[in-house]
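First residue of the sequence shown: 10, per the numbering used here; consecutive thereafter.
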Amino acid sequence: MTPRLDMIGLVVSDMAASLAFYRRLGLDVPADADGLPHVEAVLPGGLRIGWDTEETIRSFDPSWTRPAAGGGERIGPAFLCDSPAEVDALYAELTGDGHPGHLKPWDAFWGQRYAVVLDPDGCGVSLFAPLEPADDAEGVEGVEGATDAAPADPPV
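Okay, structure coming up:
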């Protein structure tokens, strides 16, 4: 049997804050889950996303420590938006709610409107949408949906 990706897990310091953030991104997580030590949601297509509190992880891995601030990311969820305008609007809503922006929305050289906002634990969450319909894009070799637009520096 070939292994298959079944779940993406996030370790969180504040379950309620993390779940509220991901609900804003459209994930269907029951409100009564906010106080639980482990929560899962099934995504379209059957992939699951799970959240565990730091205490839950330490219960079976006492040596676990929170990654150092500024130490870089190991995994980052990316949310497809319906349009470039939705990327801008969602970024504005989330940063307006106090979530730190990491990269302001910009037209990325790979053919997407792209932005990154930080979740309550400082994990980068990408928001993206194709700049133009995939049927009209001239692809850059090896990058699906990318265009031949000149590289632009991402806003910080």
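Backbone N, C-alpha and C fix where the C-beta goes; we use that ideal spot for every residue, glycine too.
Reduced DSSP category for residue i - H, G, I as helix; E, B as strand; rest coil
| i | result |
| --- | --- |
| P114 | strand |
| T11 | coil |
| G107 | coil |
| I66 | helix |
| V96 | helix |
| Y123 | strand |
| E49 | strand |
| D43 | coil |
Closest Cα partner of residue i within the set the options
| i | options | result |
| --- | --- | --- |
| A117 | T11, L89, A42, L140 | L140 |
| F88 | L36, A101, H108 | L36 |
| L127 | E49, I17, P93, A26 | A26 |
| D130 | P114, G110, S92, L136 | G110 |
Extent of the continuous beta strand (DSSP E) run through residue i
| i | result |
| --- | --- |
| L28 | Element bounds for L28: not the beta strand (DSSP E) but the alpha helix (DSSP H), 24-33. |
| A87 | 87-89 |
| S175 | Residue 175 falls outside the range modelled here, since the chain spans only 10 to 165, and no answer is possible. |
| G18 | 16-21 |
Given 8 Å, three or more beta-carbon pairs between the region 97-115 and the region 20-40: The count of Cβ pairs closer than 8 Å, one atom from the region 97-115 and one from the region 20-40, reaches three, so the stretches are in contact.
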